[in-house]
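Protein chains in written order, with this note's numbering: chain A, 450 to 792; chain B, 450 to 792. Quick reminder that beta carbons are idealized off the backbone N, C-alpha and C, glycines included. All remarks here apply to the structure that follows.
There are 2 protein chains.
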Amino acid sequence: MPSTLKDVALRAGVSKSTVSQYLHQRYHYMSEETKKKIQLAIEELDYIPNEVARSLKQKKTFIVGVVSSTILSKFTTEVVRAIEDECQLKGIQVIVCNTDDDPLKENKYVQSMIARQVDGLIIFPTEQNRKLYQSMLKSGYPFVFIDRKIDGIDVDTVLLDNELASSLAVQSLVERGHTRIGILTFPLGQKAITTRSERLQGYRQTLQNSGIEVDEAYVKSGRLDEMQTLIGELFRLSPPPSAIVATNDMILEQVLIYAKNQSLSIPRDFSLIGIDDVSFASFYTPPITTVSQPSFEIGKRSAQLLLRQIDRKEHEPRRAAEIFRLSPALNPRESVQNANEQD
Amino acid sequence: MPSTLKDVALRAGVSKSTVSQYLHQRYHYMSEETKKKIQLAIEELDYIPNEVARSLKQKKTFIVGVVSSTILSKFTTEVVRAIEDECQLKGIQVIVCNTDDDPLKENKYVQSMIARQVDGLIIFPTEQNRKLYQSMLKSGYPFVFIDRKIDGIDVDTVLLDNELASSLAVQSLVERGHTRIGILTFPLGQKAITTRSERLQGYRQTLQNSGIEVDEAYVKSGRLDEMQTLIGELFRLSPPPSAIVATNDMILEQVLIYAKNQSLSIPRDFSLIGIDDVSFASFYTPPITTVSQPSFEIGKRSAQLLLRQIDRKEHEPRRAAEIFRLSPALNPRESVQNANEQD
DNA sequence: CGTTCTTACTAAATCGATTTAGTATAAGCG
DNA sequence: CGCTTATACTAAATCGATTTAGTAAGAACG
Numbered sequence: 450m451p452s453t454l455k456d457v458a459l460r461a462g463v464s465k466s467t468v469s470q471y472l473h474q475r476y477h478y479m480s481e482e483t484k485k486k487i488q489l490a491i492e493e494l495d496y497i498p499n500e501v502a503r504s505l506k507q508k509k510t511f512i513v514g515v516v517s518s519t520i521l522s523k524f525t526t527e528v529v530r531a532i533e534d535e536c537q538l539k540g541i542q543v544i545v546c547n548t549d550d551d552p553l554k555e556n557k558y559v560q561s562m563i564a565r566q567v568d569g570l571i572i573f574p575t576e577q578n579r580k581l582y583q584s585m586l587k588s589g590y591p592f593v594f595i596d597r598k599i600d601g602i603d604v605d606t607v608l609l610d611n612e613l614a615s616s617l618a619v620q621s622l623v624e625r626g627h628t629r630i631g632i633l634t635f636p637l638g639q640k641a642i643t644t645r646s647e648r649l650q651g652y653r654q655t656l657q658n659s660g661i662e663v664d665e666a667y668v669k670s671g672r673l674d675e676m677q678t679l680i681g682e683l684f685r686l687s688p689p690p691s692a693i694v695a696t697n698d699m700i701l702e703q704v705l706i707y708a709k710n711q712s713l714s715i716p717r718d719f720s721l722i723g724i725d726d727v728s729f730a731s732f733y734t735p736p737i738t739t740v741s742q743p744s745f746e747i748g749k750r751s752a753q754l755l756l757r758q759i760d761r762k763e764h765e766p767r768r769a770a771e772i773f774r775l776s777p778a779l780n781p782r783e784s785v786q787n788a789n790e791q792d
Numbered sequence: 450m451p452s453t454l455k456d457v458a459l460r461a462g463v464s465k466s467t468v469s470q471y472l473h474q475r476y477h478y479m480s481e482e483t484k485k486k487i488q489l490a491i492e493e494l495d496y497i498p499n500e501v502a503r504s505l506k507q508k509k510t511f512i513v514g515v516v517s518s519t520i521l522s523k524f525t526t527e528v529v530r531a532i533e534d535e536c537q538l539k540g541i542q543v544i545v546c547n548t549d550d551d552p553l554k555e556n557k558y559v560q561s562m563i564a565r566q567v568d569g570l571i572i573f574p575t576e577q578n579r580k581l582y583q584s585m586l587k588s589g590y591p592f593v594f595i596d597r598k599i600d601g602i603d604v605d606t607v608l609l610d611n612e613l614a615s616s617l618a619v620q621s622l623v624e625r626g627h628t629r630i631g632i633l634t635f636p637l638g639q640k641a642i643t644t645r646s647e648r649l650q651g652y653r654q655t656l657q658n659s660g661i662e663v664d665e666a667y668v669k670s671g672r673l674d675e676m677q678t679l680i681g682e683l684f685r686l687s688p689p690p691s692a693i694v695a696t697n698d699m700i701l702e703q704v705l706i707y708a709k710n711q712s713l714s715i716p717r718d719f720s721l722i723g724i725d726d727v728s729f730a731s732f733y734t735p736p737i738t739t740v741s742q743p744s745f746e747i748g749k750r751s752a753q754l755l756l757r758q759i760d761r762k763e764h765e766p767r768r769a770a771e772i773f774r775l776s777p778a779l780n781p782r783e784s785v786q787n788a789n790e791q792d
C-alpha cells in the first residue's frame, strides 16, 4: 500500500531512473520542469523510499548492531549512547539486543544481525562462541569486541584495564591499613568472562605486591541471587574482612542491602569500594568510593574501530587487530576509612 | 562475498526453488537424497539466508521499532525489556532509538523506521508531530503510543494513570498532616508532555479535594540543569514546604543531592516522595517512599496491542483504538513522616 | 549537409529470496 | 495401453530501488 518509486514515476510522467536520480540530487542535465513534477508527485503520494530494497541493491544497510549482555546497567546504556553518537555522525543507525550472557542467545542474535545484513557488529562476547567468531574473522565480516577479550580471536577489542581497576581499589584499601579485604564477583568457572577473571587477578596481584597473603576465604563468587548468602558467609568469618571490593554495580547494591539489613555502618563496620559507578554514589550516606570506567570513551572508541573496518575497501588488506585497554579512575569518597579507626 | 541461495543451489545441483522449499521445511515430495545434498551445501558454504531480500519479497521484516525518549532511565529500559520478551514469543525482534524528546529527532527516526519497513512502532510521542501521526493513522500503519497520550490521535495508547500517581503521593503526605507540599516537574509549556501535566493536575486536584489551597509558589518546573536552583527557591520560601513530591526519578536524585549538600535530613527536615522507582529506594538512608509504575506491564501491554494491529488482516476493519491507564503502586518506606514531628 | 557533442532522459539488468504455474517422469488403474 | 494421479522437481515473475548502457533530439561546427 505505501507508494513506490514506480508510482512516483508514473504520476510524474517520467521513468523510474529519473526519479531515482532526483532522489540522490544527481541533477546532471535535469530540467527544472521535471524536478518540479517529481517533487509534486512525491508530496502527493507521501512517498518514503523503501530502505529494504535499497539495502538489497547497495549491499549496505547503514546499520550497525550492538550485541550486549544487558541493557539494564548504567555502563551498557552509556556505552550504547556513545556508540550512537559516533555513528550518527556518519548517518549510521544502531540497533541493540540483549544476550543476558547466554551463549546460545548470543549466537542466535549475531547470526540474525548478520542475516539482516547489518554493516558491522559491536559485541560483548562470551567464550563459548569462539567457532562463530573464527568464521566471521575468516569471512572478513566487520566486528569488534567490547568489554571482554577472547583469546585466540584476533579482532579489534576495547576494554577496561580490569587489573588496574581492582588494583586501584585494593591499593586504596591497603593504604588505609586494610589487610583483610573481601572480594565479591559473579561466577567464574573455567570459561570465565575476562572482566571477572581479570578483576580478581588484579586483586590477587596487588595484595601479593603489598606483601599480603591472599586468603581464599575472602574471595566469594556466585550469581546475583546467591549474593546475600555469600556476603553473609564473608561476615561470619573470624576475623571478618575489614573491607569489601564489589566488582560491579549490581554486587555493590547487594552489599548495601546487606549492610542495611544487618544494621552495619559503612565505613565504621567495614570499608566498601565498588567497581563501576552508580547514580547514587556521590549522594549516598556515606558517599561511596568507586572505581569508574570511562564508558563513553569505551563506546566511542569501539565505534571508531568498527567504522574504520567498515570503510576498509574490498581490496585493502585487513589491518592488524588492535587492543585498547582504557584506564579506570578512582573516585575517592567516604566509604573507605582507616582500618584502625573501624570496629 | 557471503554465499547466496543461488550458490547453494548450484553446489547441491538443484534449483533455487528447491533450496528455498527446503529452508522452509516444506518437504512436500522431496527426496531424502536431495535434502542431504542441500544440507551439505549449506554447511560447506556457511550459508545464512539474506533477510533483507526476504523482507523485500515478503513485505515483512519481523522487526518492531521502539521510539523512546531516552534509554538512560530505569522505566524505559524495563519497558523495552518487557516489549522484547513479548515479541520474542512471536519471533519478532525489537530495535530501539532515542529521541531525547526532541520532536525533530522523533520525526526523523519514525520516518527512518518506516522506510526500513519495520512491521510496527511503539512510540513515546511528543505533541509536535501530530501531522505525521495523523498520516500514519490514515495509511493504516501499525503503531501504539506509550507513556503519553496525544489528543486527536486516535490510536492504541498505554500509559500510567498519572493523576492517580500524584494523587497517591499527595494523599499519603496529607494523611500525615502535611499542607505545605512542594512539587517539582520538568518543563511544562503549552505543548506539555502529558506525563508532566497530568501529574501536576493530580497534585492540584488532590490538594483541593483535601481542602488545601494550591500555592503556586510551591510548584516549580524546569530543566534538569535548573533543578538545584529551583529546589533552593522552594526551601527559601517562608514558610518552606514540609514535604516534596519529585515527579520522576531524575528529579528525585536532584532533591537527594540538594539535601546532602545542605545537610538537610530526610524526613526530619522535610518529607520526600518520588514518582518512578529507583534502584536504591529500598536501601537508601532513609528508604525512599515512592509511587512506582508497572513498567513491565506497560511494556507488555503495548507490545500486545501492537502485535494485534500487525496481525490484523488487510481486509478486516481497523478496530477502535483503546486507551489503557495502568495503576501506579504506593511503596511506603521511611522518607515520609508526620508533619508535626518534623522541624 | 553530415558529423559530433551536448542535453535530457529511458530500458533493462541487477540485488537475493519467494512463489506460482508448470514440466517430466513414474506409478496406478480399468 | 491409454489415461489419470502422484511424485519430484524447475522456470520465471516478483518485491522496490540502483545503475549502466543507451537512445533521441537538438545544437554546434566546419
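message: Check for me: the beta strand (DSSP E) holding ASN611(A) runs from which residue to which?
response: Working through the first sequence from its first residue, we reach residue 611(A) at position 162. It is not in any beta strand (DSSP E) - ASN611(A) instead sits in the alpha helix (DSSP H) that spans 611 to 624.
field: Opposing strand residues paired with CYS546(A) [DSSP bridges]
entry: Within the first sequence, the letter at position 97 stands for residue 546(A). In the DSSP assignment, CYS546(A) is bridged to VAL516(A).
field: Delimiting residues of the alpha helix (DSSP H) encompassing LEU686(B)
entry: Position 237 of the second sequence holds residue 686(B). No alpha helix (DSSP H) contains LEU686(B), which DSSP labels as neither H nor E.
- request: Please compile the residues from chain A whose C-beta is within a distance smaller than 7 angstroms of the C-beta of PHE732(B).
  value: Within the second sequence, residue 732(B) is the residue found at index 283, counting from 1. Neighbours of PHE732(B) on chain A, chain order: LEU705, ILE706 and LYS709.
task: With DSSP as the reference, label ALA641(A) as helix, strand or coil.
output: Mapped onto the first sequence, residue 641(A) falls at position 192. In the structure shown, ALA641(A) sits in coil (DSSP, three-state: anything other than H, G, I, E or B).
- prompt: Three or more beta-carbon pairs under 8 angstroms between the segment 698 to 709 of chain A and the segment 663 to 683 of chain A, yes or no?
  reply: As far as the Cβ criterion goes, the segment 698 to 709 of chain A touches the segment 663 to 683 of chain A, which means the pair count is three or higher.
query: Taking 7 angstroms as the CB-CB cut-off, is SER741(B) touching chain A?
result: Position 292 of the second sequence, counted from the start, is the residue given in the question as residue 741(B). Judged by the 7 angstroms Cβ criterion, SER741(B) is not in contact with chain A.
- prompt: Can you tell me the Cα-Cα spacing of LYS598(B) and VAL668(B), whole angstroms?
  reply: Along the second sequence, one-based indexing puts residue 598(B) at 149. Along the second sequence, one-based indexing puts residue 668(B) at 219. Straight-line Cα distance between these residues: approximately 23 angstroms.
message: For the alpha helix (DSSP H) containing ARG757(B), name the first residue and the last one.
response: Translated into the one-based positions of the second sequence, residue 757(B) becomes position 308. First-last of the alpha helix (DSSP H) with ARG757(B): 744 to 760.
- request: Below 8 angstroms between beta carbons is the criterion; list the residues of the segment 544 to 567 of chain B that meet it against any residue of chain A, in chain order.
  value: Residues ILE544, VAL545, CYS546, ASN547, GLN560, SER561, ILE563, ALA564, ARG565 and GLN566.
message: Within 7 angstroms of any Cβ in chain B, is that where the Cβ of PHE729(A) sits?
response: Your numbering for residue 729(A) matches position 280 in the first sequence. So yes, PHE729(A) belongs to the interface.
query: Name the chain A residues that come within less than 7 angstroms of ASP760(B), Cβ to Cβ?
result: For the purposes of this step, residue 760(B) is taken as residue 311 along the second sequence, with counting starting at 1. Contact annotation for ASP760(B) against chain A: no contact, minimum CB-CB distance about 17 angstroms [criterion: below 7 angstroms].
- prompt: Since ASN697(B) contacts GLU647(B) with CB under 8 angstroms, what's their CB separation in whole angstroms?
  reply: Start at 1 with the first residue of the second sequence, and residue 697(B) comes out as number 248. Start at 1 with the first residue of the second sequence, and residue 647(B) comes out as number 198. Incorrect: roughly 13 angstroms between the Cβ atoms, too far for contact.
First and last residue of the uninterrupted alpha helix (DSSP H) at ASN556(B): As a working mapping, residue 556(B) is identified with position 107 in the second sequence. That run of the alpha helix (DSSP H) goes 552 to 564.
- request: Compute the Euclidean distance between the alpha carbons of ASP664(B) and VAL694(A), then round it to the nearest angstrom.
  value: On the second sequence, residue 664(B) is found 215 positions in, with the first residue counted as 1. On the first sequence, residue 694(A) is found 245 positions in, with the first residue counted as 1. ASP664(B) and VAL694(A) have their C-alpha atoms roughly 48 angstroms apart.
query: Any contact of the segment 603 to 618 of chain A with the segment 540 to 550 of chain A, i.e. 3+ C-beta pairs under 8 angstroms?
result: Contact fails: fewer than three Cβ-Cβ distances are below 8 angstroms.
- prompt: Are the segment 748 to 759 of chain B and the segment 589 to 597 of chain B in contact at 8 angstroms, needing three or more beta carbon pairs?
  reply: Output reads yes: the segment 589 to 597 of chain B touches the segment 748 to 759 of chain B.
query: Who pairs with LEU633(B) in a beta bridge, going by DSSP?
result: On the second sequence, residue 633(B) is found 184 positions in, with the first residue counted as 1. Partner residues in the beta bridge of LEU633(B), as assigned by DSSP, are LYS669(B) and ALA695(B).
query: Roughly how many angstroms lie between the CA atoms of LEU521(B) and LEU538(A), to the nearest whole one?
result: As a working mapping, residue 521(B) is identified with position 72 in the second sequence. As a working mapping, residue 538(A) is identified with position 89 in the first sequence. If you take the alpha carbons of LEU521(B) and LEU538(A), they lie about 20 angstroms apart.
- prompt: What residue range is occupied by the uninterrupted beta strand (DSSP E) comprising PHE773(B)?
  reply: Along the second sequence, one-based indexing puts residue 773(B) at 324. Where PHE773(B) is concerned, the enclosing beta strand (DSSP E) starts and stops at 772 to 775.
- prompt: So ALA793(A) is in the beta strand (DSSP E); what residue range does that whole segment cover?
  reply: Within the shown structure, residues of chain A are numbered from 450 to 792, placing residue 793(A) beyond reach of any answer.
- prompt: Which chain B residues are close to MET676(A), counting only those with a beta carbon under 9 angstroms from its beta carbon?
  reply: Here the question's residue 676(A) lines up with position 227 in the first sequence. Neighbourhood of MET676(A) in chain B, by CB distance below 9 angstroms: empty, with the nearest CB roughly 13 angstroms away.
task: Go ahead and pull the three-state DSSP assignment for GLY651(B).
output: Sequence index remark: in the second sequence, residue 651(B) carries index 202 (1-based). The DSSP-derived three-state label of GLY651(B) is helix.
- prompt: When you compare only the Cα positions, how much space is there between GLU662(B) and PHE729(B)?
  reply: Translated into positions along the second sequence, residue 662(B) becomes position 213. Translated into positions along the second sequence, residue 729(B) becomes position 280. For GLU662(B) and PHE729(B), the distance between alpha carbons rounds to 33 angstroms.
query: Is VAL463(A) helix, strand or coil when you go by DSSP?
result: Looking up residue 463(A) in the first sequence gives position 14. VAL463(A) falls in the coil class under three-state DSSP.
- request: Using 10 angstroms around the beta-carbon of MET585(A), count the other beta-carbons present and answer buried if the total reaches 16, otherwise exposed.
  value: For this step, residue 585(A) is matched to residue 136 along the first sequence. Looking at its Cβ environment, which holds 16 or more other Cβ atoms inside 10 Å, MET585(A) is buried.
message: With a threshold of 7 angstroms between beta carbons, is GLU492(B) in contact with chain A?
response: Here residue 492(B) corresponds to residue number 43 of the second sequence, with the count starting at 1. Not one chain A Cβ lies under 7 angstroms of GLU492(B).
message: Residues of the segment 468 to 501 of chain A in Cβ contact with chain B at a cutoff of 9 angstroms, in chain order, please.
response: Correct list: ASP495, ILE497, PRO498, ASN499, GLU500 and VAL501.
field: the segment 498 to 515 of chain B touching the segment 556 to 575 of chain B, judged by at least three CB pairs closer than 8 angstroms
entry: Segments in contact, yes.
query: Can a CB atom of chain A be found closer than 7 angstroms to the CB of ILE571(B)?
result: Along the second sequence, one-based indexing puts residue 571(B) at 122. Not closer than 7 angstroms to any Cβ of chain A, the Cβ of ILE571(B) fails to qualify, so no.
- request: Below 8 angstroms on the Cβ atoms is my guess for ILE722(A) versus SER621(A); work out the distance and round it to an integer in Å.
  value: Against the first sequence, residue 722(A) aligns to sequence position 273. Against the first sequence, residue 621(A) aligns to sequence position 172. Confirmed, Cβ separation roughly 7 angstroms.
task: Return the CA-CA distance between PHE732(B) and SER561(B), expressed in angstroms with no decimal places.
output: Indexing the second sequence from 1 puts residue 732(B) at position 283. Indexing the second sequence from 1 puts residue 561(B) at position 112. Answer to the nearest angstrom: the Cα atoms are 43 angstroms apart.
message: If contacts are defined as beta-carbon pairs under 8 angstroms, then SER720(B) and ALA692(B) qualify, I think. What distance do you get, rounded to the angstrom?
response: The count along the second sequence starts at 1 and reaches residue 720(B) at position 271. The count along the second sequence starts at 1 and reaches residue 692(B) at position 243. Indeed they touch by this definition, with Cβ atoms about 4 angstroms apart.
- prompt: Can you give the Cα-Cα distance for THR739(A) and ASP718(B), rounded to whole angstroms?
  reply: One-based indexing of the first sequence puts residue 739(A) at position 290. One-based indexing of the second sequence puts residue 718(B) at position 269. In a straight line, the C-alpha of THR739(A) is about 29 angstroms away from that of ASP718(B).
- prompt: Quick one: does THR696(B) have its CB under 7 angstroms from some CB of chain A?
  reply: Taking the second sequence and counting its residues from 1, the one referred to as residue 696(B) is at position 247. THR696(B) does not count as touching chain A.
query: When the Cα of GLU492(B) is compared with those of SER776(B), ALA461(B), GLY514(B) and ILE630(B), which residue comes out closest?
result: Along the second sequence, one-based indexing puts residue 492(B) at 43. Ranking SER776(B), ALA461(B), GLY514(B) and ILE630(B) by Cα distance to GLU492(B) puts ALA461(B) first.
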